[in-house]
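Engineer:
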Amino acid sequence: MTQALRAQHLRKLPGVDRLLEHPRLTDLGLRHALVRRVVVDAIAAERARVLAAIDAARDPNPPVAELDQLAAIARARLDHWLRVHPRAVLNGTGVLLHTNLGRAPLSAAARLAVNDAAGTCDLELDLGDGKRGSRLAVLSPLLAALFEAEDVLVVNNGAAALLLACTALAGGGPTGGVALSRGQHVEIGDSFRVAEMAAAGGVPVLAIGSTNRTHLRDYAAALQGRPEAALLWVHQSNFVQAGFVHQPELAQLAGLAGSHGVPLIADLGSGSMGVVSSSGEGVGVLAEEPTVSAYLEQGATVVTFSGDKLLGGPQAGILAGSARAIARCRRHPLARALRCGKLALAALHATAIAHASANSPDLPFHGMLAVGQAQLRARGQRLCHALGWSPDHVQDCEATIGGGSLPGQTLASVALVAPGNAQRAAACLRRGDPPLVGRTRDKQLWIDLRTLTDIDDELLLKSLRQLD
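Numbering (my numbering), first residue to last: 8 to 475.
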């Protein structure tokens, strides 16, 4: 009976050629193979849905999408594919470095730099002598000076920087490996684990110590008979351990590494340069995070970190350290495979120039940190007035740094609390143009103003008026 039902319902599905001739899918000016792929996928998805309903006995007579419905589904998929992504989004989540929303927003100068580099540019040409040059010829020495390192290498993200450092500086086989405390076997977003990334280049990771306590003697034992090994220190940037815990100081590990003639790789992740200016209510939280220069001063051979976290720049991975170690990394074949493209390099250079200022850098992330809660509250009241909402729609709240940085640290903030059902409001705002993303709290939708600069207010008002 089930087989007969299956056949009976599948016969109702239109054929591929018939669907391709539907007016909504003809004369689009698109490649035939592209439209055909979407049509085939739409029919296959409907077939699978119908069969699943029959086989699960939920519905012996499930409705089958008609020709017009399938054409609409296929057209919507094409329209979605052909709209450039990623799209601009208004971040009302209160998470300053939201990984799902692209982490640090770029400064105006960085955006201009990306636009200039998008065309023909002097990526690997020395305009002085007309010869081929390095794409990092200017950026590397600037970053090295800012981080107080002997040399700097830039790759495409933080995981790539860690992978390259471990692969280039530690040997494989019985005399190599990187020794990593079990208390630092960190898992980051999307279930990726630092130890697995470090080992991806073929260098074994030597798990030492215990989850809560690792001693210097554990590292020393791991180095016995392993002259090609390296020590790996991973900053616990996205969680906090408390209670009966112990880790050696980084300077102690540096002394041990030096006595054995092996490198010490320190994965900082966040890339903090510390506090330049004390102005602003939130800037002080940066003092809680170790800096790249501090890690180098304590004896790390190479420090690896991301460009799009506390540095406030684009996605990039940066290796800062001794000239000898960076040279080894630069010569490794992986360096070519992991190198950074021209657009990210341009944005990173503009970000580095901002950090060269003697004052707090003019970067969106640092602006989010610096704004005071009183300013946010006054802004919230103005927005409520413009929307015709009552003043009680402005509520104090707390924002977080995000991006796997400064766990547990919060910033006093202010949010607009949208009227009505939270789920319906959130869905409506996500589908707006531009989309607006907030957070649900107490069955209400909160739009945090700390992660929305005042230059976004017109767009914010346009978006929120859709809820009327």
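Each residue gets a CB set at the ideal place from its N, CA and C atoms; glycine is no exception. This structure is a prediction, so every number in the text was calculated from the model and none was measured.
In whole angstroms, what separates the C-alpha of Ala228 from that of Asp369?
Structural biologist: Within the sequence shown, numbered from 1, the residue matching residue 228 stands at position 221. Within the sequence shown, numbered from 1, the residue matching residue 369 stands at position 362. Cα to Cα, the separation comes out at about 47 Å.
Engineer: Do you know how far the Cα of Gly232 is from the Cα of Ile325?
Structural biologist: Counting from one through the sequence shown, the residue named residue 325 turns up at place 318. Counting from one through the sequence shown, the residue named residue 232 turns up at place 225. When rounded, the distance between both Cα atoms is 31 Å.
Engineer: Would Glu28 be called buried (16 or more neighbouring beta carbons within 10 Å of its own) or exposed?
Structural biologist: By 1-based counting over the sequence shown, the position of residue 28 is 21. By the 10 Å Cβ count, Glu28 comes out exposed.
Engineer: Assign Leu35 to one of three DSSP states: helix, strand, or coil.
Structural biologist: Numbered from 1 along the sequence shown, position 28 holds the residue referred to as residue 35. Coil, per DSSP.
Engineer: Going by the CB atoms, is the gap between Ala117 and Thr358 shorter than 7 Å?
Structural biologist: Taking the first residue of the sequence shown as position 1, residue 358 is located at position 351. Taking the first residue of the sequence shown as position 1, residue 117 is located at position 110. Their beta carbons are under 7 Å apart, which means Thr358 touches Ala117 by this criterion.
Engineer: If I follow the unbroken alpha helix (DSSP H) through Ser470, where does it start and stop?
Structural biologist: Here residue 470 is taken as the residue at index 463 of the sequence shown, counted from 1. From DSSP, the alpha helix (DSSP H) with Ser470 extends over Asp464 to Leu471.
Engineer: Between which two residues does the alpha helix (DSSP H) holding Ala419 run?
Structural biologist: To locate residue 419, count along the sequence shown from 1; it is residue 412. Ala419 -> not in any alpha helix (DSSP H); beta strand (DSSP E) instead, spanning Ser412 to Ala425.
Engineer: Hey, Gly427 and Gln473: beta-carbon distance below 7 Å or not?
Structural biologist: Your numbering for residue 427 matches position 420 in the sequence shown. Your numbering for residue 473 matches position 466 in the sequence shown. No, the Cβ-Cβ distance between Gly427 and Gln473 is not below 7 Å.
Engineer: Tell me the start and end of each unbroken alpha helix (DSSP H) in the segment 334 to 417 that is at least 4 residues and wholly inside, in chain order.
Structural biologist: 340 to 344, 349 to 362, 371 to 377 and 380 to 394
Engineer: Would you check if the segment 377 to 396 and the segment 177 to 187 touch, i.e. whether three or more CB-CB distances between them fall below 8 Å?
Structural biologist: no
Engineer: Quick check: the Cα distance between Ser412 and Val290, rounded to an integer number of angstroms?
Structural biologist: Residue 412 sits at position 405 when you count from the first residue of the sequence shown. Residue 290 sits at position 283 when you count from the first residue of the sequence shown. The alpha-carbon atoms of Ser412 and Val290 are separated by roughly 14 Å.
Engineer: Near Asn98, what residues of its chain come up, given a Cβ to Cβ distance below 7 Å and the 5 sequence neighbours on each side ignored?
Structural biologist: What you label residue 98 is simply residue 91 of the sequence shown in a count that begins at 1. Excluding the 5 residues flanking it on each side, Asn98 has same chain C-beta neighbours closer than 7 Å at His105, Leu108, Val444, Thr458 and Leu459, in chain order.
Engineer: Once the 5 residues before and after Ser420 are set aside, which same chain residues still bring their CB inside 8 Å of it?
Structural biologist: The sequence position of residue 420 within the sequence shown is 413, counting from 1. Here the set comprises Gly101, Gln380, Leu383, Asp403, Cys404, Glu405, Ala406, Asp455, Leu456 and Arg457.
Engineer: Does the distance from the C-beta atom of Ala7 to that of Leu355 stay below 7 Å?
Structural biologist: Missing from the structure shown is residue 7; the chain here goes from 8 to 475 and no further.
Engineer: Does DSSP put Ser188 in a helix, a strand or coil?
Structural biologist: Position 181 of the sequence shown, counted from the start, is the residue given in the question as residue 188. DSSP places Ser188 in strand when its eight states are reduced to three.
Engineer: Which residues in the same chain as Leu468 place their Cβ atom closer than 8 Å to its Cβ, once the five residues preceding and following it in sequence are excluded?
Structural biologist: For the purposes of this step, residue 468 is taken as residue 461 along the sequence shown, with counting starting at 1. Correct list, in chain order: Leu390, Ala393 and Leu394.
Engineer: Are there 16 or more other CB atoms within 10 angstroms of the CB of Val57, so buried, or fewer, so exposed?
Structural biologist: Locating residue 57 in the sequence shown gives position 50, where the first residue counts as 1. Buried, since its Cβ has 16 or more Cβ neighbours within 10 Å.
Engineer: Whole angstroms are fine: how far does the CA of Leu303 sit from the CA of Ala120?
Structural biologist: Within the sequence shown, numbered from 1, the residue matching residue 120 stands at position 113. Within the sequence shown, numbered from 1, the residue matching residue 303 stands at position 296. Looking at the two C-alpha atoms, the distance is approximately 30 Å.
Engineer: Using the C-alpha atoms, what's the distance from Gly278 back to Thr311?
Structural biologist: Reading the sequence shown from its first residue, position 304 is the one you call residue 311. Reading the sequence shown from its first residue, position 271 is the one you call residue 278. Answer to the nearest angstrom: the Cα atoms are 8 Å apart.
Engineer: Taking C-beta to C-beta, are Gly184 and Thr221 nearer than 7 Å?
Structural biologist: For the purposes of this step, residue 184 is identified with residue 177 of the sequence shown, where counting begins at 1. For the purposes of this step, residue 221 is identified with residue 214 of the sequence shown, where counting begins at 1. In this structure, Thr221 does not lie closer than 7 Å to Gly184 by Cβ.
Engineer: Smallest Cα separation from Ala206: which of Ala83, His192, Ser188 and Cys173?
Structural biologist: Residue mapping note: residue 206 aligns to position 199 of the sequence shown, counting from 1. Closest option to Ala206, Cα to Cα, is Cys173.
Engineer: When you compare only the Cα positions, how much space is there between Val269 and Val378?
Structural biologist: Along the sequence shown, one-based indexing puts residue 269 at 262. Along the sequence shown, one-based indexing puts residue 378 at 371. Rounded to the nearest angstrom, the two C-alpha atoms are 45 Å apart.
Engineer: What did DSSP end up calling Val210 once you bin it into helix, strand or coil?
Structural biologist: Here residue 210 corresponds to residue number 203 of the sequence shown, with the count starting at 1. Val210: coil per DSSP, three-state reduction.
Engineer: Flag this pair as yes or no: are the beta carbons of Cys347 and Val162 separated by less than 7 Å?
Structural biologist: Sequence index remark: in the sequence shown, residue 347 carries index 340 (1-based). Sequence index remark: in the sequence shown, residue 162 carries index 155 (1-based). Yes.
Engineer: If we ignore side chains and look at the alpha-carbon of each, how far apart do Leu187 and Pro321 end up?
Structural biologist: Within the sequence shown, numbered from 1, the residue matching residue 187 stands at position 180. Within the sequence shown, numbered from 1, the residue matching residue 321 stands at position 314. Rounded to whole angstroms, Leu187 to Pro321 spans 28 Å at the Cα level.
Engineer: According to DSSP, what are the bridge partners of His253?
Structural biologist: Position 246 of the sequence shown, counting from 1, holds the residue named residue 253. Arg220, per the DSSP bridge assignment.
Engineer: Find the nearest neighbour of Gly216 within the set His253, Cys435 and Arg448, judged by alpha-carbon distance.
Structural biologist: As a first step, residue 216 is located in the sequence shown; it is residue number 209 there, counting from the start. Ranking His253, Cys435 and Arg448 by Cα distance to Gly216 puts His253 first.
Engineer: Taking the Cβ atom as the reference point for each residue, do Ala261 and Gly306 lie within a distance shorter than 7 Å?
Structural biologist: Here residue 261 corresponds to residue number 254 of the sequence shown, with the count starting at 1. Here residue 306 corresponds to residue number 299 of the sequence shown, with the count starting at 1. It is a contact, given that the beta carbons lie within the stated cut-off.
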